[in-house]
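**Q**
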Amino acid sequence: MKTPFYSDNHMHSSASFDAAYSVEEMAAASYEHGLSCITITDHRDCPVFLFDNSRAMMGVSRYSTQQAAKDWQGKLEILFGVELGEPLQEKRAAQEILRHGPYDFVIGSLHNLEGEEDFYFLNYEQHDPRDLLRRYFSELLEMVLWGQFDTLAHVTYPLRYMPKGMDLTPFADAIDRVFRTLIQKQIALEVNASGFRQEIGESLPGEDLLRRYHQLGGRLITVGADAHAPADTGCFIPRTCSMLRRLGFTEYMIYRKRRPCPVPLGEE
Ligand SMILES: [Zn+2]
Ligand SMILES: [Zn+2]
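Position 88, counted from 1, in the sequence shown is what our numbering calls 516; the numbers after and before it change by one each time, with no gaps.
#1: Pick from Phe508, Ser482, Asn481 and Leu463: whose alpha carbon is nearest that of Tyr491?
#2: If we ignore side chains and look at the alpha-carbon of each, how far apart do Arg605 and Thr650 end up?
#3: When we look at the beta-carbon of Thr597 and count the other beta-carbons within 10 Å, is it buried (16 or more) or exposed?
#4: Is Thr469 close to ligand 2? I mean its beta-carbon at under 7 Å from any heavy atom of the ligand.
#5: Which same chain residues, not among the five before or five after Gly513, have their C-beta less than 7 Å away from its C-beta?
#6: Could you spell out the range, first to last residue, of the beta strand (DSSP E) harbouring Pro633?
#7: At what residues does the beta strand (DSSP E) containing Val510 begin and finish?
#8: Could you tell me whether any non-hydrogen atom of ligand 2 is closer than 7 Å to the CB of Asp473?
#9: I'd like to confirm something about Asp559: is its beta-carbon nearer than 7 Å to some heavy atom of ligand 2, or not?
#10: Under DSSP, the alpha helix (DSSP H) around Cys474 begins and ends at which residues?
#11: Does the beta-carbon distance from Tyr552 to Pro591 come in below 8 Å?
#12: Is Glu553 near ligand 2, in the sense that its beta carbon is under 7 Å from a heavy atom of that ligand?
Have a look at this one:
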């Protein structure tokens, strides 16, 4: 039986503020976990970029990824990417980060609303979650209209931290606008598998939204476990792939030199 090709295209090394393991350690674990390809996508959050050690870390991320790519050549493909956080909240930083390439892959992320803290830190008794979600989908749409990235990361990220059972029905139109704009601009939608190992228990976005994306004609998908530690590399990627097959997708994309390269999802 042919070994399936699994790729994990969202992962952090110690060149991210919230991760502590070297690219080498992440690569070794990825190989152990049977992955054929990974993309290192360290955080570069635009609102803080001009004020912390991001510039130095950006160099470290690139250098260590290039070194590891050489060390693992022939065994594990290692691509160089970036998780570009909140680009519209500090556009000068976003442009500087983008110029730092060439990247294989740029992930666009939104972890906090303009002027607010990361959804992780918000107190949901003081903030109305529905109001936050309304603002979230509206800022996502602005980001996609700007569009200087290859995939939109972890849509529904706030649900990880909000009270359980939030109803997304009131946001269906806003979500449709985000999906339609992605499709029109040929920007991919990320299926972030981290939710499977967290309390939320589903991918970000979850099945219902992925079904809707497919219904609207969306076919460009990227997949990542968002590992911040070696043990999580490739985690739930096979499960994510079988979910995507079930929803009618036939392939996902790996980005090399910022071009989508399809990987067939194959048979169950
Ligand atoms: Zn993120
Ligand atoms: Zn991430």
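A virtual CB, placed ideally from N, CA and C, is assigned to each residue, including glycine.
**A** The answer reads as follows:
#1: Phe508
#2: 19 Å
#3: exposed
#4: yes
#5: His471, Arg472, Asp473, Cys474, Ser537 and His539
#6: Where Pro633 is concerned, there is no enclosing beta strand (DSSP E), given that its DSSP letter is neither H nor E.
#7: Glu505 to Gly513
#8: no
#9: no
#10: Cys474 to Phe477
#11: yes
#12: no
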